[in-house]
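Single-structure report; data block below.
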Amino acid sequence: MASDSRLTLDTRRQQDDQQVVHLAISQTDANYKTFLAPNHIGISTFGAAEIQGVPISGSIDSFIHEHLNESTDIDAVPQMLIEYFQEMPLVKDTGFHVAGYKRIDKHHVQRIWRVWIKKKTVNHINVNGGQGASWDGESDILSRLIKPVWVQDETGNMVALPNYPIQLQFFTLQDAIDYAVYALRTTIDSIRFQVRPKTVGGPIDILVIQPGKSFWVKRKELRVS
């Protein structure tokens with residue numbers, strides 16, 4: 000699991016008789032979006048990133064400390080997230096990825112869920128247990144890079160450009176880490192030059208979850224500037 004660190008806010012101010020809205024003002028590049036919970040459960044957030052005027056990261060930390068422990072079943076976490084954030088005074092359009100392993104008989108089975116708080120929806124991403132990648136938030140840049148593309152030729156016909164698929168099923172752990180960094184770094188660098196809100200940026204945090212263990216490959220730490 001991997002995430003960037005940028006927190007952007009929409010601000011409003013009154014100017015004469017009109018309300019002026021400033022979209023996606025960069026507030027900080029030190030925000031946390033990926034979290035490690037007990038029982039080697041990873042939680043990443045995307046979408047709306049503030050609740051009641053404060054970063055959602057504090058609410059996620061509280062959720063983890065108050066409701067999760069070493070015996071928590073990963074399959075229960077998505078609904079627990081919905082119930083927890085539905086109790087907030089204002090329900091935001093926030094999403095989560097929940098990832099980890101479930102012990103079934105003698106086997107560790109990978110489980111990955113996508114959760115939407117406002118819609119109250121839960122989707123099991125890796126239903127068939129295959130290899131793959133999933134991303135949310137500002138997803139258009141990476142999608143354009145890896146999905147088939149057609150261009151219009153001089154006669155008006157649509158012609159497919161060569162498409163070279165990424166063989167995710169052959170990835171080693173190091174490959175997966177490198178691919179996660181590539182996806183985030185490409186998004187960050189592209190948004191920098193595009194005329195659009197600068198909603199992705201800052202340090203990249205990377206969490207690895209394996210059967211019975213988990214560890215941070217990279218995680219920003221407090222420091223003196």
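Just so you know, the sequence shown maps onto residues 0 to 224 in numbering that gives the first Met the number 0. Every residue gets a Cβ at the ideal spot worked out from N, C-alpha and C, and that includes glycine. None of the values given here were measured: they were computed from a predicted structure.
Nearest by alpha-carbon distance to residue i: which of the options is it?
i, options, result
"Ile-50", "Gln-85, Arg-143, Asp-174, Ile-187", "Gln-85"
"Gly-57", "Gln-17, Thr-33, Leu-8, Val-199", "Thr-33"
"Val-216", "Asp-60, Met-157, Leu-172, Val-90", "Leu-172"
"Gln-109", "Ala-179, Lys-117, Val-207", "Val-207"
"Pro-54", "Gln-26, Asp-139, Tyr-178, Ile-140", "Gln-26"
"His-39", "Leu-221, Glu-220, Phe-214, Ser-224", "Phe-214"
I'd like to check one pair, residue j with residue i: are the Cβ atoms closer than 7 Å?
i, j, result
"Arg-113", "Asn-122", "yes"
"Ala-48", "Thr-198", "no"
"Ser-4", "Gly-201", "yes"
"Lys-119", "Ile-176", "no"
If we ignore side chains and look at the alpha-carbon of each, how far apart do residue i and residue j end up?
i, j, result
"Asn-225", "Asp-9", "Residue 225 is absent from the model: the chain starts at 0 and stops at 224."
"Lys-212", "Ile-42", "15 Å"
"Lys-105", "Pro-210", "12 Å"
"Asp-139", "Leu-183", "12 Å"
"Lys-101", "Pro-77", "14 Å"
"Leu-141", "Arg-218", "23 Å"
Who are the Cβ neighbours of residue i in its own chain at under 6 Å, not counting the five residues just before and after it?
i, result
"Ile-111", "Ala-98, Ile-124, Asn-125"
With a threshold of 8 Å on Cβ separation, who are the neighbours of residue i within its own chain once the five nearest residues in sequence on each side are excluded?
i, result
"Pro-37", "Ile-63, Leu-67, Asn-68, Glu-69, Thr-71"
"Phe-259", "There is no way to answer for residue 259, as the model of the chain reaches only from 0 to 224."
Excluding the 5 residues flanking residue i on each side, which residues of the same chain have their C-beta closer than 7 Å to its C-beta?
i, result
"Ile-145", "Ile-165"
"Asp-74", "Lys-101, Arg-110"
Within the region 120-159, note down every full alpha helix (DSSP H) run reaching 4 residues or more, in order along the chain.
139-145
Continuous alpha helix (DSSP H) assignments of at least 4 residues falling wholly in the region 167-222
172-192
Those runs of the beta strand (DSSP E) which lie wholly inside the region 16-101 and span at least 3 residues
17-27, 33-36, 40-46
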